[in-house]
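One gets our numbering by counting positions in the sequence shown from 1 and adding 3 to each.
Note that the Cβ used here is the ideal one computed from N, Cα and C, for glycine as well.
Some notes on the structure that comes next.
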Amino acid sequence: MHKILIVEDDSDLKDLITHTLGPAYNYSWAADLKSAQQEISKGALDLIILDVHLPDGNGFQFFSYLLNDSNFQHIPVIFLTATDSLSDKVLGLSLGAEDYITKPFQPAELKARIEMRLKKYDQLRKREQIIRSGQLELNLTSQKAYSVVGNEKVNLALTALETKLLALFMSNDDQVFARSQILDKIWGSNTFLSDRGIDSHVYSLRKKMGAHGSYIQSVYGEGYRFSTKDAIGLKKQTKIKEK
Numbered sequence: 004m005h006k007i008l009i010v011e012d013d014s015d016l017k018d019l020i021t022h023t024l025g026p027a028y029n030y031s032w033a034a035d036l037k038s039a040q041q042e043i044s045k046g047a048l049d050l051i052i053l054d055v056h057l058p059d060g061n062g063f064q065f066f067s068y069l070l071n072d073s074n075f076q077h078i079p080v081i082f083l084t085a086t087d088s089l090s091d092k093v094l095g096l097s098l099g100a101e102d103y104i105t106k107p108f109q110p111a112e113l114k115a116r117i118e119m120r121l122k123k124y125d126q127l128r129k130r131e132q133i134i135r136s137g138q139l140e141l142n143l144t145s146q147k148a149y150s151v152v153g154n155e156k157v158n159l160a161l162t163a164l165e166t167k168l169l170a171l172f173m174s175n176d177d178q179v180f181a182r183s184q185i186l187d188k189i190w191g192s193n194t195f196l197s198d199r200g201i202d203s204h205v206y207s208l209r210k211k212m213g214a215h216g217s218y219i220q221s222v223y224g225e226g227y228r229f230s231t232k233d234a235i236g237l238k239k240q241t242k243i244k245e246k
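Here is the structure:
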C-alpha cells in the first residue's frame, strides 16, 4: 500500500484530501515544515503533497533543501497551494515537482493526478535493480543501501566500496567467500591487500549496518558469508563455491 505525506496546515483540507483519495493509501500528516522533515527522515514514502505557505517557512525553499536529502530523492512531489501565479507554477515545476495544483481544486482531478503519478513512480521502481534480504534493501541503480524496519527506511550512507561489498554478499546469500575471493571480486586480482585489510573493510561495513551487521557472518577458517538466519554456530564448515 502506498504511503502519502500531506504537508498542509489546514486540518480540514487534509481531511478532504484523505477522504477524496480514500482508504487505498496510508497517510501521514505534517502541519509544518519541521514535522514534515521528521516524517521524511523516516523514509518509506511514495508521494508528498506539499503546500507553499506554511507556518514555519516556504514550501519552495523546503523542496530545494530536501533535494540533497537521500531519504527524499526520487519521491514524487505535488504542490497543492493557493499560490496560483504563473511564475510560481513555473518555479515549482522547474524545481522538479511532478505536478502543481492550485486551490480550490476539483477532488476527482486531484485523485486522478495522484493515481497517475504513483503509477509512473511504480514503473520507475520496477526498472530499478533492487535486492532485498531480511531488513536490508540495496538499490543497485542509485547505489544506496537502506535499513527497512516497519515503515521506517534509513539510508546506511555507505561508501562506493562498501556498497560494492554489500552487493557481493547480498547477491550470493549463504555463500561463503574466502578473503582471496573477496579481494579478486572487489579490488581485482592485481591488487594486494592483506587479510587484515579486508577484515577492516568488512568491519566498517558491519558497523554502518548497525543491528543488521550480524547478517555478515564470519565462518571459522574460511571467510565470510551473508545470511539473515541466526548467526549461532558459525564454525560450521561450509564449502566455498569457487568461480
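His-77 Cβ short of 7 Å to the ligand SAH heavy atom set: As far as ligands go, the structure on display features none, and thus does not contain the ligand SAH.
If contact is defined by three or more beta carbon pairs under 8 Å, each pair taking one atom from either stretch, is the stretch 32-52 in contact with the stretch 108-128? Because the criterion of three Cβ pairs below 8 Å is met, the stretch 108-128 and the stretch 32-52 touch.
Can you give the Cα-Cα distance for Phe-229 and Ile-117, rounded to whole angstroms? Cα to Cα, the separation comes out at about 39 Å.
Pairwise C-alpha distance: Leu-127 and Thr-21: Roughly 25 Å separates the two Cα atoms.
I believe Leu-143 touches Leu-208 by the beta-carbon criterion, under 8 Å. Please report the beta-carbon distance rounded to the nearest angstrom. About 16 Å; that fails the 8 Å criterion.
What are the boundary residues of the alpha helix (DSSP H) that Tyr-218 is part of? For Tyr-218, there is no enclosing alpha helix (DSSP H), as DSSP marks it with neither H nor E.
Secondary structure of Ile-78, DSSP reduced to three states: Coil.
Could you tell me which residues DSSP puts in a beta bridge with Thr-105? Note: Thr-105 sits in a beta bridge opposite Thr-84.
Please list the terminal residues of the continuous beta strand (DSSP E) segment that includes Val-55. Per DSSP, Val-55 belongs to no beta strand (DSSP E) and is neither H nor E.
List the DSSP bridge partners of Gly-99. Residue pairing of Gly-99 in beta bridges, as defined by DSSP: absent, with no partner found.
Entirely within the stretch 127-173 and at least 4 residues each: give me those alpha helix (DSSP H) ranges in chain order. As far as the stretch 127-173 is concerned, its whole alpha helix (DSSP H) runs of at least 4 residues are 163-173.
Using DSSP with H/G/I as helix, E/B as strand and the rest coil, what is Leu-48? Here Leu-48 sits in coil by DSSP.
For a test of the three-state rule: what should DSSP assign to Met-113, helix, strand or coil? In the sequence under discussion, the amino acid at residue 113 is Leu, which differs from the Met named in the question. In this structure, DSSP gives Leu-113 a helical state, which the three-state scheme calls helix.
Can you tell which of Gly-226, Arg-135, Gly-191, Val-157 has the C-alpha that lies nearest to the C-alpha of Glu-42? Ranking Gly-226, Arg-135, Gly-191, Val-157 by CA distance to the CA of Glu-42 puts Val-157 first.
Between Gly-62 and Phe-82, how many whole angstroms is the CB-CB distance? I'm expecting something under 8 Å. The Cβ separation is near 7 Å, so the contact holds.
Report the rounded CA-to-CA distance for Gly-95 versus Gln-40, giving the unit in angstroms. Answer to the nearest angstrom: the Cα atoms are 18 Å apart.
Taking one C-beta from the stretch 162-181 and one from the stretch 208-225 each time, how about it: are there three or more such pairs within less than 8 Å? Touching, yes.
With 16 other Cβ atoms within 10 Å as the buried cut-off, status of Gly-236: Note that Gly-236 scores 40 on pLDDT, short of 50, meaning its location in the model is unreliable; the coordinates nonetheless yield the value given after this. Gly-236 comes out exposed.
In the structure shown, what three-state DSSP assignment does Lys-232 receive? In this structure, Lys-232 counts as coil in the three-state DSSP scheme.
Phe-63, enclosing alpha helix (DSSP H) - first and last residue: Where Phe-63 is concerned, the enclosing alpha helix (DSSP H) starts and stops at 62-69.
Quick test of your reading: Gly-226 and Arg-182, contact by CB under 8 Å. State the CB separation rounded to the nearest angstrom. Rounded, the Cβ-Cβ distance is 6 Å, consistent with contact.
How many whole angstroms separate the CB atoms of Gln-138 and His-215, which I take to be in contact at a CB cut-off of 8 Å? Their Cβ separation, rounded to whole angstroms, is 6 Å, which keeps Gln-138 and His-215 in contact under 8 Å.
By how many angstroms is the C-alpha of Asp-18 removed from the C-alpha of Lys-188? Counting only the Cα atoms, Asp-18 lies some 53 Å from Lys-188.
Reduced DSSP category for Ser-207 - H, G, I as helix; E, B as strand; rest coil: In this structure, Ser-207 counts as helix in the three-state DSSP scheme.
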